[in-house]
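Notes to accompany the following structure.
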Amino acid sequence: MEADLVAVLRCPVCADSLALSDRTARCSHGHTYDLAKQGYLNLLPAASNGIEGDSAAMVGARTVFLGTGHYAPIRDALILAADLGDDDLVVEVGAGTAYYLSGVLGLSEHRRGVALDVSKYAARRASKVDPRIASVVCDAWRELPLVDGSAQLLLNVFAPRNAREMARVLAPGGRLLVVTPNQQHLAELVDVLGMVSVDEDKERRLEDSLNGEFTRTGSEVVEEVMPLDRTAVEQLVLMTPSARHLNYRELLQRIALLPEPSIVTLSVTLSTWEPY
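In full-length UniProt numbering, the protein residues as written are 1 to 276.
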């Protein structure tokens, strides 16, 4: 992890900025945080210990599925919407494996990124993606471990939204890009496989979660059909929250009955927001 990336982070105890010395991030009040051997920094507050993030199996499934390119239309839409300068800082909240963040950073060697996720397994993956990315374990529902006004762009893809904190860490003129699933998203699989369905009230809940801190300045639907073999369907299900409640053996039995390939709809809304 690069020293200039640690400099945009702040201590979860006292909110003082951090500086990197050898493999230890330290604030002026003496709080220290050692880099994990895998390269990520754990800034999860003590009060958040025990919070459940994605498991190693879920992160592994996500790595495999995203590597097939089936969700590339989402990443491509984010890249087009990003409109970045050459030395901008991009922060992804709920970054997972940093698939979207690394794509948005593009080829500019001076752009930097911070991948925030509560899962240490996701942080391990994200830390290996790109040297321009700092991978940090944190709780998105609490104070984000970033100094005020440090980011030019925030990404939020199928992830929690802490509006007050996201507005705090955005620089003047900064923007937030949010990706949320539509009712049609994975509709061909939801009932057949017993997956968690998209909340019909999701659009209102999105507005409620950001109103007061952000105003919507744009919106577009990203929709494609994905021909998925049974292995891809399995990995797709196992990377989602549905994996937490489905019986694996029963899931495989249901997947075995699907046609191959199965035609599955990708349908999301990419919305753009600016702080008030």
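Glycine residues also receive a C-beta, built at the ideal position from the N, C-alpha and C atoms.
- prompt: Terminal residues of the continuous beta strand (DSSP E) containing Phe-65?
  reply: No beta strand (DSSP E) contains Phe-65, which is instead part of the alpha helix (DSSP H) from 56-67.
Other residues of its chain near Pro-12: CB distance less than 6 Å, five sequence neighbours each side excluded: Leu-43, Pro-45, Pro-145
- request: Rank Asn-156, Leu-236, Ser-262, Cys-14 by C-alpha distance to the C-alpha of Leu-78 and give the top, closest one.
  value: Asn-156
query: Which of the three DSSP states, helix, strand or coil, is assigned to Gln-235?
result: helix
task: Would you mind giving the Cβ-Cβ distance between Leu-228 and Val-237, rounded to the nearest angstrom? I have them listed as a contact below 8 Å.
output: In fact, because the Cβ distance is near 10 Å, the residues do not count as touching under 8 Å.
message: Using the three-state DSSP reduction, which class does Ser-219 fall into: helix, strand or coil?
response: Strand, per DSSP.
message: With a threshold of 8 Å, are at least 3 pairs of Cβ atoms found where one atom belongs to the segment 173-185 and the other to the segment 72-87?
response: With the cut-off at 8 Å, the segment 173-185 and the segment 72-87 touch.
field: Bridge partners - Arg-10, DSSP secondary structure assignment
entry: Ser-17
message: Report the CB separation of Leu-153 from Pro-275 in whole angstroms; it is logged as a contact under 8 Å.
response: Incorrect: roughly 12 Å between the Cβ atoms, too far for contact.
task: Measure the Cβ-Cβ separation of Ala-167 and Glu-213 and say whether it is below 7 Å.
output: yes
- prompt: Thinking C-beta only, is Arg-230 closer than 7 Å to Leu-193?
  reply: no
task: Determine the burial state of Ala-56: buried for a count of at least 16 other Cβ atoms within 10 Å of its Cβ, exposed for fewer.
output: In this structure Ala-56 is exposed. Its beta-carbon is surrounded by fewer than 16 other beta-carbon atoms within 10 angstroms.
- prompt: Could you check where the alpha helix (DSSP H) with Ala-123 kicks off and where it finishes?
  reply: Element bounds for Ala-123: 120-126.
- prompt: Would a C-beta distance cut-off of 7 Å place Thr-272 and Thr-217 closer than the cut-off?
  reply: yes
message: Please report the straight-line C-alpha distance between Asp-16 and Cys-138, rounded to a whole angstrom.
response: 16 Å
Identity of the residue in Arg-142, Ser-119, Ala-115, Ala-61 nearest Arg-132 by Cα: The residue from Arg-142, Ser-119, Ala-115, Ala-61 with its alpha-carbon nearest to that of Arg-132 is Ala-115.
task: Answer yes or no: do Gly-103 and Arg-75 have a C-beta to C-beta separation smaller than 7 Å?
output: yes
query: Whole-angstrom Cβ separation of Leu-189 and Val-233, contact assumed at under 8 Å?
result: 7 Å
- prompt: When the Cα atoms are used, what is the spatial distance from Leu-18 to Gly-94?
  reply: 21 Å
- prompt: Is it right to say Gly-96 is buried, meaning 16 or more other beta carbons lie within 10 angstroms of its own, or is it exposed?
  reply: Buried, since its Cβ has 16 or more Cβ neighbours within 10 Å.
Rounded C-alpha distance that separates Glu-250 from Ala-256: So the two alpha carbons sit approximately 10 Å from each other.
message: Within the continuous beta strand (DSSP E) that includes Ser-262, where are the two ends?
response: Residues 262-275.
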